[in-house]
Amino acid sequence: MSNNIFSSSTHSSSLTGMAPPATTRVALLICGSLTGPVRDTNGDYYDVYNRYWKNTVPPTANRRLVVDGYNVKEMKYPDEARISGYDMMMITGSAADAHDNAEWITRLIEFVQHLTRDYPKVKLFGVCFGHQIIARAIGGICARNNAWEVGPTTVKLTDIGRAVFDVDELDIQEMHRDHVPLDSISESLSSGEVHLLGSTDLSGCQGLVKFSSSATRPEEEGSLHPKDIQIITLQGHPEFTEPILTGIVRQRSASGAVPPDIVADYFGGKGDTGDEAPLDFNDTGKRWKKTNGVDVVGRVIWRMLGVEC
Numbered sequence: 001m002s003n004n005i006f007s008s009s010t011h012s013s014s015l016t017g018m019a020p021p022a023t024t025r026v027a028l029l030i031c032g033s034l035t036g037p038v039r040d041t042n043g044d045y046y047d048v049y050n051r052y053w054k055n056t057v058p059p060t061a062n063r064r065l066v067v068d069g070y071n072v073k074e075m076k077y078p079d080e081a082r083i084s085g086y087d088m089m090m091i092t093g094s095a096a097d098a099h100d101n102a103e104w105i106t107r108l109i110e111f112v113q114h115l116t117r118d119y120p121k122v123k124l125f126g127v128c129f130g131h132q133i134i135a136r137a138i139g140g141i142c143a144r145n146n147a148w149e150v151g152p153t154t155v156k157l158t159d160i161g162r163a164v165f166d167v168d169e170l171d172i173q174e175m176h177r178d179h180v181p182l183d184s185i186s187e188s189l190s191s192g193e194v195h196l197l198g199s200t201d202l203s204g205c206q207g208l209v210k211f212s213s214s215a216t217r218p219e220e221e222g223s224l225h226p227k228d229i230q231i232i233t234l235q236g237h238p239e240f241t242e243p244i245l246t247g248i249v250r251q252r253s254a255s256g257a258v259p260p261d262i263v264a265d266y267f268g269g270k271g272d273t274g275d276e277a278p279l280d281f282n283d284t285g286k287r288w289k290k291t292n293g294v295d296v297v298g299r300v301i302w303r304m305l306g307v308e309c
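Residues 1 to 309 in full-length UniProt numbering are what the sequence shown spells out, letter by letter.
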């Protein structure tokens with residue numbers, strides 16, 4: 001019997017008279033939950049991530065998308081016989097600490113190692129907490145940073161990051177204090193096992209990419225293609241919209257988890273006066289800045305799966 005707790009199927013195509021759609025199967029490894037008004041308005045993690053996947057499906061892809069959710073905090077995983085049937089697994093964010101050694105976290109790290117070693121054709125995508133877990137699985141560590149990164153954040157991309165995303169910088173929602181210290185993965189970076197995607201002044205590791213063993217070396221000009229990516233991680237949250245992030249900031253501000261100066265940087269002097277985008281963005285902080293989670297990141301994820309868009 002399968003351990004999945006949620007499942008959804010979507011078909012997207014704007015073309016008629018085409019062959020039956022190919023099916024893309026995604027296993028969502030759910031590591032947390034939303035709470036309070038944020039959950040009431042946006043649904044829980046499965047709803048948020050499933051909606052993200054639906055929003056990124058290229059309109060001409062002629063794909064049937066199936067997203068199955070597994071609550072890994074409750075030790076629920078795909079049955080071994082089903083693993084190879086997935087095209088990609090995605091590890092969600094979480095309010096939990098990725099540097100913790102709770103049983104469910106060490107089990108998740110072991111599963112990542114098992115997946116990447118024994119099922120290399122199944123792509124892996126980790127965001128925020130998921131990014132940190134994957135870094136631990138390859139020998140890195142996760143630790144507290146000196147400060148929070150919250151809201152739309154500009155990530156300076158490396159040469160490989162620019163080649164992967166086809167932009168010079170990546171603007172993405174962030175909500176974290178834990179990070180992956182670069183020196184903890186220096187051996188993996190220097191060996192070429194993984195490559196750094198980008199950084200900010202506060203967090204040196206904003207994402208990692210690992211290419212399949214059969215791929216041409218990405219350093220060779222013109223050789224990189226997203227379909228050759230086996231693993232991709234982002235410290236940011238491409239799935240978070242402005243309403244989700246704003247709701248989380250309000251909740252964590254009220255609880256004292258996020259300090260006042262970070263909250264002020266997010267809202268500015270006039271950015272917390274309502275839920276509708278203002279006509280004048282002056283003094284509204286980072287809140288309304290546009291991000292690339294759906295268009296840029298979404299395009300790369302689907303190209304990893306062999307869909308040109």
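Glycine is no exception: its CB is placed at the ideal position from the N, C-alpha and C atoms.
Between Ile172 and Ser191, the alpha-carbon positions lie close to 28 Å from each other. Residue Thr154 holds the alpha-carbon nearest to the alpha-carbon of Gly293 among Thr154, Ile262, Ala22. Bridge pairing for Met89: Ala27, Leu124 [DSSP].
In the DSSP assignment, Tyr70 falls within the beta strand (DSSP E) that extends over 63–71. For Met304, the enclosing alpha helix (DSSP H) has its first and last residue at 298–304. For the pair Ser203 and Ile138, the CB atoms are not nearer than the 8 Å cut-off. Contact annotation, Val258 with Val150: C-beta distance approximately 6 Å; criterion of less than 8 Å satisfied. Taken in chain order, the whole beta strand (DSSP E) runs of length 3 or more contained in the stretch 134–162 are 143–157. The C-beta of Glu110 has fewer than 16 other C-beta atoms within 10 Å across all chains shown, which makes the residue exposed. For Arg287, there is no enclosing alpha helix (DSSP H), as DSSP marks it with neither H nor E.
Counting of Cβ neighbours within 10 angstroms places Gly207 among the buried residues, the total reaching 16 or more. Between Val67 and Asn50, the beta carbon gap of about 5 Å places them in contact (Cβ cut-off 8 Å). Taking the C-beta atoms as reference points, Tyr46 is found nearer than 8 Å to Gly69. Residue burial annotation: Pro78 is buried, with at least 16 other C-beta atoms found within 10 angstroms of its C-beta.
Secondary structure note for Val209: its beta strand (DSSP E) is the uninterrupted segment 207–211. Restricting attention to Gly306, Met304, Gln251, the CA atom closest to the CA of Arg39 is found in Gln251.
DSSP places Phe129 within a helical segment (H, G or I) once states are collapsed to three. Straight-line measurement puts the Cα of Asp275 at about 8 Å from the Cα of Pro243.
Rounded to whole angstroms, the separation of the alpha carbons of Leu34 and Asp44 is 5 Å.
Residue environment analysis places Glu239 among the buried positions, since at least 16 neighbouring C-beta atoms fall within 10 angstroms of its C-beta. In the three-state DSSP reduction, Phe165 falls in the helix class (H, G or I). Under a 10 Å Cβ-count criterion, Pro37 is classified as exposed, with fewer than 16 other Cβ atoms of the shown protein chains found around its own Cβ. The C-alpha of Pro120 is placed about 44 Å away from the C-alpha of Ala264. Between Phe129 and Ala98, the C-beta spacing is below 8 Å. Note on geometry: alpha-carbon atoms of Ala22 and Arg64 lie some 6 Å from one another. Straight across, the Cα-Cα distance linking Asp228 with Thr273 is about 46 Å. Note: Ser203 is not bridge-paired with any residue in the DSSP secondary-structure output.
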